[in-house]
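Trainee: Here it is: the structure, laid out below.
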Amino acid sequence: MDTEDQALCRLMKDHDPAHIDDAGFTHRVLTALPPPRSRLATWRRPLLLLTACLVGMLLPLLIDGPAYLGALENLIILATQQPLLPLGEASLGALPLACLAAGLLLSFVWVFRALRSH
Amino acid sequence: MSLSDSDLIARVLVSDDRHAFGELVKRNHSALRGFLRGLTKGDHALADDLAQEALIEAYRCLSRFEGGSSFSTWLLGIAYNRFRSHQRRRREEPIDTREEHPSADAPVQADHRPATEAGVDLEAALQSLCPEEQAALRLCYREGLSHDEAAALMSCPLGTLKTHLLRAKERLRTLLQAYA
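For the protein sequence lines, the chains are C and F, in the order given. Our numbering applies: residue 1 is where the first sequence begins, and numbers increase by one. Our numbering applies: residue 1001 is where the second sequence begins, and numbers increase by one.
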């Protein structure tokens, strides 16, 4: 910083503008702030998704448990013993599992974010 | 015992304490509004509107404040960006009612006058600069920011900031010659 810079710096610091009165400004800002976010609102989204995933998993079990488990078992057998399953069938079988996994992952991410924000 | 800015920020973040945010507003509004009054060439109503917008944005983005600079400096950065957005919006308006930017030798007026003659001259001279030059000078010489910090805060390249500073100093030298 050269001498001119130092002089300018001193001048600017020495001659700060006069203090501006609040005159209701703080109140005006506080009333314009967004409404407080309730804790419930933070948790609503992950909780809804998590519940939907769990209900989606449990509902078929309650309706027809043995058939659902049998279907799952067949799917696992197909996946492990026939690796060259036609693409259409494979994706059809994998779709519900992929949706479930994505839903669970998303729920956990939201839960993590909600925990961090609190 | 008064709490530090970082304590107040922590209270706002943890428990959405609006009294704590109010305290932050009380501590910083004068500098913020003064800075914006300079940029808006003394338009108090506009400066206060922009200050309010800046404070609300600061409240929303408080979790992004990393403490690299002081809270007041961070606020000035937000305010400057708000001012620039406002300028862009005005440029896009079909009827341009902006005042011409006063030239270096045009008479200048200060609206919030500091106590001394030198202060009056300086404030008047500062208000005659273009907003970018004014902001660069205030951030570097009044707030004591480094060129890198000021450039980051003003979202402009370092070279551009240095150009603003050079031009501002050149113009100030001319304007303040009478006082010297």
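Backbone N, C-alpha and C fix where the C-beta goes; we use that ideal spot for every residue, glycine too. Note that the coordinates shown come from a computational prediction; the quantities given were computed from them, not determined experimentally.
Could you tell me the distance, in whole angstroms, from the CA atom of His1086 (chain F) to the CA atom of Leu61 (chain C)?
Mentor: Spanning the two alpha carbons is a distance of roughly 59 Å.
Trainee: Along the region 1139-1154 of chain F, where does the CB come closer than 8 Å to a CB of chain C? Name the residues.
Mentor: The residues in question are Tyr1141, Arg1142, Gly1144.
Trainee: Just to confirm my understanding: we take Tyr68 (chain C), look at its own chain, exclude 5 residues before and 5 after, and list those with CB closer than 7 Å. What are they?
Mentor: Closer than 7 Å at the Cβ level, and outside the excluded window around Tyr68 (chain C), lie Pro60, Leu61.
Trainee: Measuring CA to CA, which of C:Pro36, C:Ala71, C:Asp14 is closest to His1019 (chain F)?
Mentor: Nearest option by C-alpha distance: C:Pro36.
Trainee: In whole angstroms, give me the CA-to-CA distance for Asp1007 (chain F) and Asp64 (chain C).
Mentor: Each residue's Cα considered, the two are about 57 Å apart.
Trainee: Please go through the same chain and pick out, in chain order, the residues whose beta-carbon is closer than 7 Å to the beta-carbon of Leu1075 (chain F), but skip the five residues on each side of it.
Mentor: Only Asn1028, Leu1032, Ala1054, Ala1058 meet the Cβ criterion.
Trainee: Give a yes or no on contact between the region 1146-1155 of chain F and the region 1066-1083 of chain F, applying the rule of three or more CB pairs nearer than 8 Å.
Mentor: Yes: the two stretches touch, three or more of their Cβ pairs being nearer than 8 Å.
Trainee: Run down chain C in chain order and give the residues with a C-beta less than 8 Å from the C-beta of His1164 (chain F).
Mentor: The premise fails here: His1164 (chain F) is roughly 14 Å from chain C at the closest Cβ pair, so nothing lies under 8 Å.
Trainee: In or out: Val1012 (chain F) buried (at least 16 other Cβ within 10 Å) or exposed?
Mentor: Buried, because 16 or more other Cβ atoms sit within 10 Å of the Cβ of Val1012 (chain F).
Trainee: In terms of residues, what are the limits of the alpha helix (DSSP H) holding Lys13 (chain C)?
Mentor: First-last of the alpha helix (DSSP H) with Lys13 (chain C): 3-14.
Trainee: Compare the beta carbon distance of Leu1062 (chain F) and Leu1050 (chain F) with 8 Å and say whether it is the shorter of the two.
Mentor: Contact flag unset, no.
Trainee: Looking at the unbroken alpha helix (DSSP H) that takes in Thr26 (chain C), where does it start and where does it end?
Mentor: Start and end: 25-32.
Trainee: Using 8 Å as the threshold, is the C-beta distance between Leu1175 (chain F) and Ala1125 (chain F) below it?
Mentor: Yes. Within cutoff.
Trainee: Would you say Gln1052 (chain F) lies against chain C (beta-carbon separation less than 8 Å)?
Mentor: At least one chain C Cβ lies under 8 Å of Gln1052 (chain F).
Trainee: Would you say Glu1143 (chain F) and Thr1040 (chain F) are within 8 Å of each other, going by their C-beta atoms?
Mentor: Not a contact, by the Cβ cut-off of 8 Å.
Trainee: Drop a sphere of 10 angstroms on the beta-carbon of Ser1004 (chain F), count the other beta-carbons inside from all chains shown, and report buried for 16 or more, exposed for fewer.
Mentor: With fewer than 16 Cβ atoms within 10 Å of its Cβ, Ser1004 (chain F) is classed as exposed.
Trainee: If we cut at 8 Å on Cβ distances, does Phe112 (chain C) have a partner in chain F?
Mentor: No, Phe112 (chain C) does not count as interfacial toward chain F.
Trainee: Have a look at Ala1010 (chain F) and Arg1064 (chain F) and give me their C-alpha separation to the nearest angstrom.
Mentor: About 12 Å.
Trainee: At the level of alpha carbons, what is the spacing between Asp1017 (chain F) and Trp43 (chain C)?
Mentor: Rounded to whole angstroms, Asp1017 (chain F) to Trp43 (chain C) spans 20 Å at the Cα level.
Trainee: Along chain C, in chain order, which residues have C-beta atoms closer than 9 Å to that of Tyr1080 (chain F)?
Mentor: By Cβ distance, chain C contributes nothing, its closest Cβ being about 16 Å from Tyr1080 (chain F), past 9 Å.
Trainee: Give, in chain order, every residue of the region 52-63 of chain C whose Cβ lies closer than 9 Å to some Cβ of chain F.
Mentor: Listed by position, the residues of the region 52-63 of chain C near chain F (Cβ gap below 9 Å) amount to none.
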